[in-house]
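Trainee: In this text, residue positions in the sequence shown follow our numbering: the first is 7, and each later residue adds one. Beta carbons are placed, not taken as given, at the ideal position from N, Cα and C, and that holds for glycine. First the structure, which I've put down as structure tokens, then a few questions once you've had a look.
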Amino acid sequence: MGGQDWCWAAAPPPLHANIVQGNRSFLGLFGGQEEQRRLSLQAHGWAGIAGLQAGIHRWKGSRCAASPQHSRPAAETVRPESRHRIQSGDARSGAGTPSSASRSQIWRRDFWSRAGTPIQSRDPREETPKHPLGFEAMTGKTAPPAAAPAPAAPKEEPAPAPKEQPAPAPAAEETPAPEQPPAPTDNSAPVPTEEATPAPKEGSPAPPAEPPAPEPEKPKAEPPSSPLSLAVEEVSENSVTLTWKAPEKTGRSGLDGYVVEICKDGSTDWAEVNKEPFLSTRYTIQDLSSGEKLHVRVKAVSASGTSVPATLEQPVLIREITQLPRIRMPRHLRQTYVRHVGDAVNLMIPFQGKPQPQVVWTKNDQPLDTSRVNIRNTDKDTIFFIREAQRGDSGKYQLAVKINGAEDKAILDIRVIEPPGPPQNLKLVDIWGFNVALEWSPPADNGNSEIKGYTVQKSDKKSGKWFTALERCTRTSCTISDLIMGNTYSFRVFAENACGLSEKAAVASGVAHIEKKKTVYQPEKIPERDMMEPPKFTQPLTDRATTRGYNTHLFCSVRGFPQPKIIWMKNQMEIREDPKYIALIDQGVCSLEIRKPGPFDGGVYTCKAVNPLGEASVDCKLDVKMPK
Numbered sequence: 007m008g009g010q011d012w013c014w015a016a017a018p019p020p021l022h023a024n025i026v027q028g029n030r031s032f033l034g035l036f037g038g039q040e041e042q043r044r045l046s047l048q049a050h051g052w053a054g055i056a057g058l059q060a061g062i063h064r065w066k067g068s069r070c071a072a073s074p075q076h077s078r079p080a081a082e083t084v085r086p087e088s089r090h091r092i093q094s095g096d097a098r099s100g101a102g103t104p105s106s107a108s109r110s111q112i113w114r115r116d117f118w119s120r121a122g123t124p125i126q127s128r129d130p131r132e133e134t135p136k137h138p139l140g141f142e143a144m145t146g147k148t149a150p151p152a153a154a155p156a157p158a159a160p161k162e163e164p165a166p167a168p169k170e171q172p173a174p175a176p177a178a179e180e181t182p183a184p185e186q187p188p189a190p191t192d193n194s195a196p197v198p199t200e201e202a203t204p205a206p207k208e209g210s211p212a213p214p215a216e217p218p219a220p221e222p223e224k225p226k227a228e229p230p231s232s233p234l235s236l237a238v239e240e241v242s243e244n245s246v247t248l249t250w251k252a253p254e255k256t257g258r259s260g261l262d263g264y265v266v267e268i269c270k271d272g273s274t275d276w277a278e279v280n281k282e283p284f285l286s287t288r289y290t291i292q293d294l295s296s297g298e299k300l301h302v303r304v305k306a307v308s309a310s311g312t313s314v315p316a317t318l319e320q321p322v323l324i325r326e327i328t329q330l331p332r333i334r335m336p337r338h339l340r341q342t343y344v345r346h347v348g349d350a351v352n353l354m355i356p357f358q359g360k361p362q363p364q365v366v367w368t369k370n371d372q373p374l375d376t377s378r379v380n381i382r383n384t385d386k387d388t389i390f391f392i393r394e395a396q397r398g399d400s401g402k403y404q405l406a407v408k409i410n411g412a413e414d415k416a417i418l419d420i421r422v423i424e425p426p427g428p429p430q431n432l433k434l435v436d437i438w439g440f441n442v443a444l445e446w447s448p449p450a451d452n453g454n455s456e457i458k459g460y461t462v463q464k465s466d467k468k469s470g471k472w473f474t475a476l477e478r479c480t481r482t483s484c485t486i487s488d489l490i491m492g493n494t495y496s497f498r499v500f501a502e503n504a505c506g507l508s509e510k511a512a513v514a515s516g517v518a519h520i521e522k523k524k525t526v527y528q529p530e531k532i533p534e535r536d537m538m539e540p541p542k543f544t545q546p547l548t549d550r551a552t553t554r555g556y557n558t559h560l561f562c563s564v565r566g567f568p569q570p571k572i573i574w575m576k577n578q579m580e581i582r583e584d585p586k587y588i589a590l591i592d593q594g595v596c597s598l599e600i601r602k603p604g605p606f607d608g609g610v611y612t613c614k615a616v617n618p619l620g621e622a623s624v625d626c627k628l629d630v631k632m633p634k
């Protein structure tokens, strides 16, 4: 068996010890610390495996007895606390003296019996003996991978074991530890790594397994909150109607519905009205006895529980509530309701009253014609319906609502209208110049509506087209102006009411011819007028003061016919063609420009106008100043 026999020095331990030692042997051979901890917890399940191991131990013990060189004296027995000592030596010679000269010497682990007697010491270089059943057959698991090489531990001599009487039978075999690779020599220091960590000593107790962390408790589902705003909507002689609002909190599971419970006044027994929850926030409790007083409450129900009930503060008295009849006529029906012929009339008029009132419709104090008018009544309103309205459906309808002698009335005024008829007796009253006067009478049929006005149209004989000459004329006469001379015109008139213009028009029997008058031009004789006039200055000259070197102008105006001749003089000396002076006349305005006057240009200037009828003159003084 791998070049070396196994031997035992003690009798097999009891069954429980066999189980424990068998587990430890397996852990030393194949498992680590975590596997040892787990298998130790399952020790009581290994009874069958331990029994099988005991038989194998006996068989190997007999072979050990035949090889006395492999047996060890009892003096080598050590104390149990020294079972995990590490020693070095030659596995084949069994020498216990440490030797550092041979590189083949490696660390090894001694396995001890239950009594503390060493049962084997082997060279780890030899092949690790295989268990006859194998790891998978023993544990049902796949063999783990070989452990990484562990750093060398310091060499230490084993302590002498105390003497002990040999057991009557060989001890159960403990499976040797898995073969370890050669450890580094004394000269090389071990370098611990994360992958290769020192294996735990076989005899040391495994640390207790950490208990699994307790799972956090799931939050308990909260029931929904109470329904809100529980109130009584209506009470009759045998029922009561309740309304409420949904609760603020419905929980994670959602709301399944509501349950309504009632309790008679003076009792404490609550009875459910509905067997199954419902989701509506309105409920009517039926089949109640008149005169009873009931306490009512509502609960919200969900998968997580039932809410605190919402309860009415006061008990409900089951009795009919009397309410006087009252018609609530809509605002648009308080005045005349107008429809066109052929339109449908569909009116709903609400009313109130308890118990349900009696509704009566009449027209002119006579029952309605059911072939024309359909009436449908409910406990809260009445509906008045006419499929196709006709003129004959117009009139005032009386509505009466009665309860036990109490009564309320209302009037519904309906008017069905259509376009009016044409005006009557249209005629031409007068024609003068470019104007025509017309006159007519109102239509015989106004279409059941007041006539709002008339529309007058004209048509000339040349084009034959009709054009509107006047709209919304409120009188039965008018004057049409701005007609064209030489044309012949025809006229017609439409009547208009709320439904529109009349379908037909009244046409004038005659035509209006606008004559074209011939005129002869005679020019007016105008007497000849004598336009001759002597010169006369309308604007005289004015004295001026100017600065040396700045041009100066003198102005005056004169009239006369024929046009007078203008003469300019300075100091009574006529100014002739002198470039220093420029004289102009335009439309009777005379001007004299003195260019860059000097000190010698000052003096009295005169403007003289002369024509065949006379002469006139004006003068002014010019003062030339030196600049400062």
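So, with DSSP's three-state summary, where would you put Pro373?
Mentor: In this structure, Pro373 counts as strand in the three-state DSSP scheme.
Trainee: Taking the beta strand (DSSP E) that Phe543 belongs to, which residues open and close that run?
Mentor: Glu539 to Gln545 is the span of the beta strand (DSSP E), which, as asked, contains Phe543.
Trainee: Can you give the Cα-Cα distance for Gly401 and Tyr264, rounded to whole angstroms?
Mentor: Cα to Cα, Gly401 sits roughly 53 Å from Tyr264.
Trainee: Give, in chain order, every unbroken run of the beta strand (DSSP E) that is at least 3 residues long and sits entirely within the region 497 to 560.
Mentor: You should have 539 to 545 and 550 to 553.
Trainee: In three-state terms, what does DSSP make of Gly608?
Mentor: Coil.
Trainee: Among Ala412, Glu509 and Gly359, whose alpha-carbon lies nearest the alpha-carbon of Pro449?
Mentor: Taking only the C-alpha atoms, the option nearest Pro449 is Glu509.
Trainee: If we call anything under 8 Å between Cβ atoms a contact, is Gly359 one with Leu339?
Mentor: No. Outside cutoff.
Trainee: Between the Cα of Thr290 and those of Thr247, Ala501 and Cys505, spot the shortest distance and give me the residue it belongs to.
Mentor: Out of Thr247, Ala501 and Cys505, Thr247 has the C-alpha closest to the C-alpha of Thr290.
Trainee: From the DSSP output, in three-state form, read off Arg64 for me.
Mentor: Helix.
Trainee: Rounded to whole angstroms, what is the Cα-Cα separation between Ala589 and Lys627?
Mentor: Roughly 17 Å separates the two Cα atoms.
Trainee: Using CA coordinates, which residue listed in Gln545, Pro546 and Gln569 is at the minimum distance from Met538?
Mentor: It is Gln569.
Trainee: If Ile486 sits next to Leu444, beta carbons under 8 Å apart, how far is it from one beta carbon to the other, in whole angstroms?
Mentor: Ile486 to Leu444, Cβ: 7 Å. Contact.
Trainee: Rounded to the nearest angstrom, what separates Tyr495 and Leu432 at their Cα positions?
Mentor: Going by the C-alpha atoms only, they are around 14 Å apart.
Trainee: What are the partner residues of Glu240, as DSSP defines its beta bridges?
Mentor: Its beta-bridge partners are Thr247.
Trainee: Does the separation of the CB atoms of Phe561 and Leu489 fall below 8 Å?
Mentor: Cβ distance not < 8 Å, so Phe561 and Leu489 don't count as in contact.
Trainee: Do you know how far the Cα of Asp549 is from the Cα of Arg601?
Mentor: Looking at the two C-alpha atoms, the distance is approximately 17 Å.
Trainee: Assuming Ala589 is part of the beta strand (DSSP E), what are its boundary residues?
Mentor: Start and end: Tyr587 to Asp592.
Trainee: Whole alpha helix (DSSP H) runs in the region 330 to 404 with 4 or more residues, listed along the chain?
Mentor: Entirely contained in the region 330 to 404, not one alpha helix (DSSP H) run reaches 4 residues.
Trainee: Taking buried to mean at least 16 other C-beta atoms within 10 Å of its own C-beta, is Ser232 buried or exposed?
Mentor: So Ser232 counts as buried.
Trainee: Measuring CB to CB, does Phe391 end up less than 8 Å from Val366?
Mentor: Cβ atoms of Phe391 and Val366: not closer than 8 Å.
Trainee: Could you spell out where the beta strand (DSSP E) holding Leu318 opens and where it closes?
Mentor: Where Leu318 is concerned, there is no enclosing beta strand (DSSP E), given that its DSSP letter is neither H nor E.
Trainee: When you compare only the Cα positions, how much space is there between Asn493 and Glu521?
Mentor: So the two alpha carbons sit approximately 8 Å from each other.
Trainee: Looking only at its own chain, which residues have a Cβ that is under 7 Å from the Cβ of Ser235, when we skip the five neighbours before and after it?
Mentor: Cβ within range, chain order: Trp250 and Lys251.
Trainee: Can you list, in chain order, the residues of its chain with a C-beta nearer than 7 Å to that of Pro540? Leave out the 5 residues immediately preceding and following it.
Mentor: Excluding positions up to five away in sequence, the list reads Gly566, Asn617, Leu619 and Gly620.
Trainee: In its own chain, which residues sit with a C-beta less than 7 Å from the C-beta of Ala475, not counting the 5 before and 5 after it?
Mentor: Cβ neighbours of Ala475 beyond the five flanking positions: Val462, Gln463, Lys464 and Ile486.
Trainee: Considering only DSSP beta bridges, list what Trp276 is partnered with.
Mentor: None; Trp276 has no bridge partner.
Trainee: Expressed to the nearest angstrom, what Euclidean distance is found between the alpha-carbon atoms of Ala107 and Pro218?
Mentor: With a pLDDT of 39 at Ala107, under the threshold of 50, the predicted position of this residue should be treated as unreliable, though the coordinate-derived value follows. Computed Cα separation, rounded: 51 Å.
Trainee: Which same chain residues, not among the five before or five after Arg397, have their C-beta less than 6 Å away from its C-beta?
Mentor: If we look at Arg397 and ignore the five residues flanking it on each side, its Cβ neighbours are Val422 and Asn454.
Trainee: At the level of alpha carbons, what is the spacing between Thr328 and Gly348?
Mentor: Spanning the two alpha carbons is a distance of roughly 42 Å.
Trainee: Work out the CA separation of Ala412 and Gln430 for me, nearest whole Å.
Mentor: One C-alpha to the other measures close to 53 Å.
Trainee: So, for Lys542: in the same chain, excluding its five sequence neighbours on each side, which residues have a beta-carbon less than 7 Å away from its beta-carbon?
Mentor: Counting only Cβ-Cβ distances below 7 Å, and skipping sequence neighbours, we find Val564, Arg565, Gly566 and Ala622.
Trainee: Of all the options Gln364, Lys571, Ser483 and Ile333, which has the alpha carbon lying nearest to the alpha carbon of Lys408?
Mentor: Comparing Cα positions, the closest option is Gln364.
Trainee: What is the rounded straight-line gap between the Cα of Asp6 and the Cα of Gly297?
Mentor: No answer is possible for residue 6: it lies beyond the span of the chain, which begins at 7 and ends at 634.
Trainee: Give the secondary structure of Phe440 by DSSP, where H, G and I count as helix, E and B as strand, and everything else as coil.
Mentor: Residue state, collapsed to three classes: coil.
Trainee: Using the Cβ count rule (16 or more neighbours within 10 Å means buried), how would you classify Asn452?
Mentor: Buried, by the Cβ-count rule.
Trainee: Here's a check: name, in chain order, each residue in its chain whose Cβ is nearer than 7 Å to the Cβ of Pro356, leaving out the five neighbours to either side.
Mentor: Hits under 7 Å: Arg334, Lys386 and Asp387.
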